[in-house]
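Novice: When we follow my numbering, the leftmost residue of the sequence shown carries the number 5, and every step to the right adds one.
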Amino acid sequence: MHPPERPIFEAFPALRGRLPWVALGEWPTPVQPLAPALRAIAPHAEAWVKRDDLSSPVYGGNKVRTLEVLFAEALEAGARRVWSTGAFGTNHGTAALLHAPRVGLRAGLVLFPQPRSACAAENLRVMLAAEDAEVQLLPHWSALPGAMGWVRLRRRAERPFVMVPGGATPRGALGYVSAALELALQVAEGALPAPRKLFLGVGSTCTTAGLLLGLRLAARRGIGFLAPPEVVAVRVTPWPVTAAWRIAALARRAS
């Protein structure tokens, strides 16, 4: 599988023949100043946003980068169906459902309850309405490990590729290692000044771990940063899932 052009392959050419990758997103995503929004509360602040919501017209957001790596891993393993796991409103599951057919994969979902919200309900409606998807609804998150094992056993004829919530594996994190290198290149090209802090929500930890590693690698190679920016990850799922030690451990495993 010939990998598409991504900053991670420019920085580490030896990965081209070792790390499968598929093309799902439209990169690089733009960066835009947030000055008008900040002016009323912090007149002298300077802030920018990286528009990963524009990563794909099919379904954007941060999960597209992770799925480029995980779908390639699934295809390499000979899988015919990829299974997402997570809460009823999982963005990762919705993204996987909508993008899987683009690379010849079918989708399956194993979902557990979460507090109700409008965006979660919208995602759940999309997943339940999909014609070719298999959906299993669990009574509680504690049933997830058993359900994942059941899928691997009962669906083995399809060589199922079962993803952990959010795709938070070392390979999954490499999508945002590449994103950090992409951001560093945008800094080097003058699209924005080198940031001192990066703010993001942390749910499954995959994006945060990838950024931690990628920013450090960019600074070590002198791309965009003299020192890696501080990553400020704001919890949207509870501790201990989002514990700092878990994020750091995933970054180390990805490294």
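Glycine included, C-beta positions come from ideal geometry on N, C-alpha and C.
#1: Starting from L1, trace the beta strand (DSSP E) both ways and give me its first and last residue.
#2: In the DSSP assignment, the beta strand (DSSP E) including V168 goes from what residue to what residue?
#3: Near A172, which residues of its chain fall below 7 Å by C-beta distance, leaving aside the five closest residues on each side in sequence?
#4: In whole angstroms, give me the CA-to-CA distance for L221 and G205.
#5: Taking the Cβ atom as the reference point for each residue, do G93 and R163 lie within a distance shorter than 8 Å?
#6: Kindly indicate which three-state DSSP category A258 falls into: helix, strand or coil?
#7: Give every residue of the same chain whose Cβ lies closer than 8 Å to the Cβ of L185, excluding the five residues on either side of it in the sequence, and list them in chain order.
#8: Quick one: using the 10 Å Cβ neighbour count with 16 as the cut-off for buried, is S146 buried or exposed?
#9: Let me know the secondary structure DSSP gives T209 once reduced to three states.
#10: Using only the alpha-carbon positions, how far apart do L42 and A198 sit?
#11: Within 10 Å of its beta-carbon, does H96 have 16 or more other beta-carbons around it, so buried, or fewer, so exposed?
Specialist: Taking the geometry as given:
#1: No statement about residue 1 is possible, as the shown extent of the chain runs from 5 to 259 and does not include it.
#2: Within the sequence shown, the letter at position 164 stands for residue 168. From DSSP, V168 is part of no beta strand (DSSP E); its letter is neither H nor E.
#3: Residue 172 sits at position 168 when you count from the first residue of the sequence shown. Closer than 7 Å at the Cβ level, and outside the excluded window around A172, lie S208, T209, C210, L254.
#4: Against the sequence shown, residue 221 aligns to sequence position 217. Against the sequence shown, residue 205 aligns to sequence position 201. Roughly 22 Å between the two C-alpha positions.
#5: In the sequence shown, the residue the question calls residue 93 occupies position 89. In the sequence shown, the residue the question calls residue 163 occupies position 159. It is not a contact, given that the beta carbons lie outside the stated cut-off.
#6: As a position in the sequence shown, residue 258 is number 254, starting the count at 1. Reduced to three states, the DSSP call for A258 is helix.
#7: Locating residue 185 in the sequence shown gives position 181, where the first residue counts as 1. If we look at L185 and ignore the five residues flanking it on each side, its Cβ neighbours are P11, I12, E14, A15, G218, L221, A222, I227.
#8: As a position in the sequence shown, residue 146 is number 142, starting the count at 1. S146 is exposed by the Cβ-count criterion.
#9: If you number the sequence shown from 1, residue 209 lands on position 205. The answer is coil: DSSP assigns T209 none of H, G, I, E or B.
#10: Translated into the one-based positions of the sequence shown, residue 42 becomes position 38. Translated into the one-based positions of the sequence shown, residue 198 becomes position 194. Cα to Cα, the separation comes out at about 18 Å.
#11: As a first step, residue 96 must be located in the sequence shown, where it is residue number 92. H96 comes out buried.
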